[in-house]
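A.B. asks:
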Amino acid sequence: MKTLTLSLLILSPAALLAADAVETAHAGIAPDQLQFFEKNIRPVLVEHCYKCHSSESEKVKGGLTLDTKQATLLGGESGHPGVTPGSIAQSSLYEAMTWKKEDMQMPPKQKLPDDVIANFKKWIEMGAPDPREQKVANAGGGKRVIDMDEGRKHWSFQKPVKHTPPEVKTPNWAKTEIDQFVLAGIEKAGLRPVRDADRPTLIRRIAFDLTGLPPTPDEVKAFVADQSPDAVKRVIDMYLDSERYGERWARHWLDVARYAESSGKEVNVLYPHAWRYRDYVIESFKKDKPYDQFLKEQIAGDLMKFDGKRDQAEKIVATGFLAIGSKGHNQRDKRQFAMDLVDEQIDAMSQSMLGLTLACARCHDHKFDPVTQRDYYALAGIFLSSETQFGTYSQLQNANPGTLIELDRDAQQVSALAKISTTEVATLKKRYADATQTAENIRDQVRGMSASERQSQGAQSFLRIRSSFDRADSMKADLDLFHEDGTPRTLAMGVLDRATPINSPILIRGDLKQPGDVTPRGLVEVLCAKGEPLNIGKGSGRLDLAYWIASRDNPLTARVMANRVWLKLMGSALVVTPDNFGTMGQKPTHPELLDYLAVSFMENGWSVKKLIREIMLSRAYQMGSTYDAANYAADPDNKLHWRMSQRRLDAEAIRDAMLSVAGAINFYPVDGSPVARAGEGREGIINLLREVNSKPQTYRSIYLPLIRDQIPEFLSVFDFPDASLVNGDRDTTNVPSQSLFLMNNAQVQALADGFALRVAKYEGDSQERLSYAYQLAFGREPTPQEKQAITNFWMRFPQEIAKNKNIPKDKIQGVALSAFCQGLLASAEFRYLN
Amino acid sequence: MNAPLSHRRDFLKTTSSGFGYLAFAALAHQQALRANPAAGPLMPKQPHFTPRAKHVIFLCMQGAPSHVDTFDYKPKLIADAGKSAPSVAGRYGTAKLMPPQWKFGQHGKSGLWMSELWPNLAKHADDLCMLNSMATDLPAHPQAFTQLHTGTTQFVRPSLGAWTLYGLGTQNQNLPGFVTINPPGNATRTFGSAFLPAIYQGTKVGGPTIPGLPAALGRRFGGGMDQATVANIKNSRFNTEAQRAQLDLVQSLNKSTMQQGGGVSAEVEGVIESYELAFRMQAEVPKVMDLTKETEATKALYGIGDGESDTFGKQCLMARKFVEAGVRFIEITHGNWDQHFGLKAGLERNCNQVDKPVAGLLADLKARGLLKDTLVIWGGEFGRTPHSQGDDGRDHNNKGFTMWMAGGGVKGGMNYGMTDDYGYEAVLNKMHIHDWHATVLALMGLDHERLTYRYAGRDFRLTDVYGTVVKEIMA
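These protein sequence lines are chains A and B, in that order.
For what it's worth, the working numbering labels the leading residue of the first sequence as 87, then goes sequentially.
For what it's worth, the working numbering labels the leading residue of the second sequence as 423, then goes sequentially.
1. With a threshold of 8 Å between beta carbons, is residue 686 of chain A in contact with chain B?
2. Quick one, which of B:703, B:880, B:565 and B:808 has its alpha-carbon nearest residue 654 of chain B's?
3. Given a threshold of 16 other Cβ atoms within 10 Å of its Cβ, counted over all protein chains shown, does residue 225 of chain A qualify as buried or as exposed?
4. Distance check for residue 495 of chain A and residue 251 of chain A, CA to CA, integer angstroms please.
5. Express the C-alpha separation of residue 830 of chain B and residue 748 of chain A in angstroms, rounding to a whole number.
6. Got a sec? Which residues, its chain only, sit under 8 Å from residue 796 of chain B by beta carbon, not counting five neighbours each side?
7. Decide if residue 491 of chain B is buried, meaning its Cβ has at least 16 other Cβ atoms within 10 Å, or exposed.
8. Counting only beta-carbon atoms, is residue 685 of chain B nearer than 8 Å to chain A?
9. Residue 911 of chain A and residue 837 of chain A - do their beta-carbons sit closer together than 8 Å?
10. Mapping DSSP to helix, strand and coil, what is residue 280 of chain A?
11. Residue 620 of chain B and residue 612 of chain A look like a contact to me (Cβ under 8 Å); what is the Cβ gap, rounded to whole Å?
12. Let me check one thing: in DSSP terms, what residues is residue 608 of chain A bridge-paired to?
13. With residue 626 of chain B as the anchor, note down where its beta strand (DSSP E) starts and where it stops.
14. For the ligand NAD, I want to know if residue 628 of chain A counts as a neighbour, meaning its beta carbon is within less than 7 Å of at least one of the ligand's heavy atoms.
15. With DSSP run on the structure shown, which of helix, strand or coil describes residue 856 of chain B?
16. Residues bridged to residue 492 of chain A by DSSP?
17. What three-state label does DSSP hand residue 583 of chain A in the structure shown?
18. Quick check: is the beta carbon of residue 678 of chain B nearer than 8 Å to any beta carbon in chain A?
19. Pull up the CB-CB distance for residue 607 of chain A and residue 823 of chain A, whole angstroms please, since I reckon it's below 8 Å.
20. Taking 6 Å as the limit between beta carbons, can you name the residues of its chain near residue 382 of chain A, skipping five residues before and five after?
21. In terms of residues, what are the limits of the alpha helix (DSSP H) holding residue 643 of chain A?
22. Leaving out the 5 sequence neighbours to the left and right, which residues in its chain are closer than 7 Å to residue 578 of chain A when beta-carbon positions are compared?
23. Whole angstroms is fine: what's the gap from residue 152 of chain A's alpha carbon to residue 217 of chain A's?
24. Between which two residues does the beta strand (DSSP E) holding residue 849 of chain B run?
25. By a C-beta neighbour count over all protein chains shown, 10 Å radius and 16 as the cutoff for buried, is residue 882 of chain B buried or exposed?
26. Using the three-state DSSP reduction, which class does residue 598 of chain B fall into: helix, strand or coil?
27. Would you please state the rounded distance, in angstroms, between the beta carbons of residue 605 of chain A and residue 460 of chain A? I believe it to be under 8 Å.
28. Is there a C-beta anywhere in chain B that falls below 8 Å from the one on residue 915 of chain A?
29. With DSSP as the reference, label residue 808 of chain B as helix, strand or coil.
30. Quick one: which chain A residues come within Cβ less than 7 Å of residue 465 of chain B?
31. My understanding is that residue 560 of chain A touches residue 236 of chain A, with C-beta atoms under 8 Å, so please give their C-beta distance in whole angstroms.
32. Starting from the beta carbon of residue 882 of chain A, find every residue of chain B whose beta carbon is closer than 7 Å, and list them in chain order.
33. What residues of chain A sit near residue 769 of chain B, judged by a beta carbon separation below 7 Å?
34. Thinking C-beta only, is residue 748 of chain B closer than 8 Å to residue 735 of chain B?
35. Is DSSP giving residue 477 of chain B helix, strand or coil here?
36. Should residue 583 of chain B and residue 628 of chain B be called a contact, given that it needs their Cβ atoms to be closer than 8 Å?
Written out as structure tokens, the structure reads:
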């Protein structure tokens, strides 16, 4: 496999964890080298360093311990390796000894003699031989507690096989093989499937499932009239081919990709370039990119073959999956930040793609699944060998700014920003220069103060310096968005390989101060056949990892996705814990059906659209959602699928449907995201909230700005999931806060006004207008009973509202029509699919 | 007496229309409820036996507070500080014991040991019933936090508040019976009703996603309770009568939807009930949540206006007002107790935030004669290790930790149970979360073995097949 050579401009140099080349750490030590260490190195460390830098120290300074080999290599909180065998340039221990840097001179009081320093140079260059192995029980090399042979027996760790569909007794019910599996389960429990859904119900279901929007009255009419045997297939294909399909199904993936546009956690730094990944996902579903390809690109798109600059750029954007997770940017220990980042990546990747909680093995072997700490740190090495490019600038609480990936100018990528003039570029430059000058002046002024002056100002002077430099940095951020000629640069979040791959030590109890044995980069043992090589040869190993996950040999990947698709279409999953197929997850209700879906998914080239079509064409999908007392008594959760589950629409579909019914929906959002235009730093969030709150947002919900812990109310009130966590199955609560939102919220009222205006403008008498309103909202005609209730409303409401003196007499009918339309939007039927 | 409804459909059958709630969905709704108290799923129900408490205020400390630095005094941990963790800890290997970082002292006539982190709460020592031998199944936050609320670490089950409301109903039909103030954003299970009817779910007040709380501009607990309310509680357009006419239309449509779907739909039924409750809440909630009418002395008692304790103080005062108004179960979540690092600064900050408000709440409830009927509970999902993690932190410990109760029929000034010499594991009178649940229900007059709900062919309980009521702590 050819790996690409990138000509990538990096915004600023990264300074992250770089414990390069610890791979040689296990080499045997020659006797003369050992002697050199014992004579020239150990005594110096003991005498001059251990007081502050050993596990016995009263207080360990800078997070650095030097009394074991592993800890010496790892280095301290700065994130720089303490010692890199063979490289004095990458050995911060040596640099500190030389007193070359003003702020890092060790030992602090007295520089060591030149000959001692020369010995350290020699020792590092000979490969830093060091016999002081960390002695910790069960650090990977110890006795294995988990029995892998036993572990492999777990149902989901065995490859799916295509079973012959079972025989069924009920004649003429099953239309497809899926139906045979479902019907067999229903029959076995002594139940009977309910009758098929009627046409208006069915098209409403299909439209929402595929596009997240209600069918138009014309679509309903045409479908009801279409008596051909292919009618259902045709309407499914029509919606699958719609532009709206990509937006609908991308959102399902964004739930499991924990997509959002800020860091979350304590500081919540904005990620102005995250939207590129969102657009990539939309485009992938729209084009029906094979799912295996889709996964590979998200893990290792930057390392894959590409066809032209545009393709290359898209594959790099795909790796944004690994960069958009939540992060604690205020973490001062850079190694801790790096390990937390890797942990988040392992967690998101393993839950979303494999349905496993591999991150549980960070501190100890997995408590429930046959996953060891070795497995975890083998994966950690892969991610540590990659550089995650998440951007952001240095700010008061952002101790971990990063870089971004610049995509080629000719890669035909859209931009969130408009071109600016060269004059404006010059202005930005000047603002940055002025801000920097101001910051430097303030710094010099503080430096020039006497000790007592500085004392009296306390932290004040420090904060003044800091905030002025922060200001300069946010100016720099603005400037960095543009080329010299004023065209916006194309920047993306993502990952790239490091020049030299690294292996991670096992961290005892996940503690950086207790590094154990170094683990070669590799894959998860229990998911590999016995005796299969687990370790990565060359490079970071991300590409190997990608191919291993997106493989027909991986027992989990296809199953997990087939289950996700089933859940979204059928309302309840075959494995009801869609993000956990491990031993703590639930067993499948229909194991053979799950395998059937997984295998045919792979056989059909991992086409998500084909999988969806296959499920939708089953009779199981096309059943009604009618209540049946006997069935309900036996299976209230409808695990057997004796009817279609009644499903509440998710937040996005509720909002989009309201916009759509109100005639207000805008299918052409401005490129990018409001977050991209908000600016960096603290001001960014304020700008953003100002923009979002100042005018109504009418584009589809998937394009709303998603700031972690600041999810738009319209979405959060209807159970939008925590955007920091992988979530394959949303809650659907039913609480008064939703009722209050639908009755009283200004956005809902405005949409009701829009709906009312549309109905008022419709040409026809009041009955025809009522019919139109019903078609728009529910895709059907009102029943006589409903007409009676509506008549009652029209008799009562105008009279009651007339008591409100603030409403002029001539407005009463209009207010009443809006109240009526709001009533339709607020009804259960509007937000439930039958 | 009426046993709690054994099936959610039962109340529907009690009315001639076969449609319980809508029968009353007219303007005369409230009068109808008063005239017919048997109707409505939130109406007060007879407990199984005489209750000791009528209300619960659960002060939930999310993140797992360190028991050995607060309420579990371990002289041997001080004496053996710096030594390797003992074999009782087995898996902890080379870790070093870390003494409590604050001084302990004895308080009240009872001489209860508490650390100096609680100067105000210490004055109420004789009201506190320390449960020093708590235990839970897993040392992982999501699972333990879920178990604390629902009894299970993995399944979707009703929460303690939902079970209590289901068992007892509530006194004020215009307010939710279960209010959860500032719940974590990703933990709907802590106030969910699972298979119980949706009406028994907790109603959120404040919390991280409520507009008006500028969470993005400050820390989650950095203020904003002044604006915190139930979102969208006020209608800006319609007078009440007009809105009722609109709501009657909505409910008629919902009724129609239900009938078309075969006459039974838990989902639509949930919609109908939550509209009725929402409508009544509009009138009642603003009155209850208005703290401006409280005296300065009362506010000062709760530490309102005191910087660190201001937010939690307001939440505690609100809890008292909810109790006064007849709400059955109130939970307040206070976060960030997970001190793996920065224990000294972090735990002290947390205690400064809650000490005065909690003490104020106890004093205020007592002064108003409400404490005898109100069970106040403080605690988190587990405790922390007696050994250190890094220089200034402690790891998770699920085998032994402390919660406390006050008021509501529990004995004050006592310790129940004990951990080993260092605080690792409950060794005397271990109280598992199941036992704690059984005991809380018992204090409320409910028998945890009889409080069941039939679902999927089986009777479910909060305590599953476990749980022992701890009678020793009952006054």
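Backbone N, C-alpha and C fix where the C-beta goes; we use that ideal spot for every residue, glycine too.
C.D. replies: Let me lay it out:
1. When Cβ-Cβ separations below 8 Å define contact, residue 686 of chain A makes no contact with chain B.
2. B:703
3. Residue placement at residue 225 of chain A is poorly supported in this model, since its pLDDT is 39, which falls under 50; the coordinates are not used for a value here.
4. 53 Å
5. Rounded to whole angstroms, residue 748 of chain A and residue 830 of chain B show a C-alpha spacing of 53 Å.
6. Answer for residue 796 of chain B: 475, 476, 477, 478, 479, 745, 787, 829 and 830, listed in chain order.
7. buried
8. yes
9. yes
10. In the structure shown, residue 280 of chain A falls within a coil segment according to DSSP collapsed to helix, strand and coil.
11. 40 Å between Cβ atoms; not a contact.
12. Partner(s): A:621.
13. Boundaries of the beta strand (DSSP E) harbouring residue 626 of chain B: 625–627, taken from the DSSP string.
14. Ligands in the displayed structure: none, and consequently the ligand NAD is not present.
15. Helix, per DSSP.
16. A:577
17. strand
18. yes
19. Not really, about 48 Å apart at Cβ, beyond 8 Å.
20. 632 and 636
21. 643–656
22. 359, 362, 402, 403, 406, 490, 491 and 493
23. 13 Å
24. 848–850
25. buried
26. coil
27. Sure, about 5 Å apart at Cβ, within 8 Å.
28. Among the residues facing chain B, residue 915 of chain A is included, as its CB has a counterpart in that chain under 8 Å away.
29. Reduced to three states, the DSSP call for residue 808 of chain B is strand.
30. Within chain A, no residue comes near residue 465 of chain B; the closest Cβ sits about 17 Å away, beyond 7 Å.
31. That pair is no contact at about 56 Å.
32. 667
33. Simply none; closest approach about 17 Å.
34. no
35. strand
36. Not a contact, by the Cβ cut-off of 8 Å.
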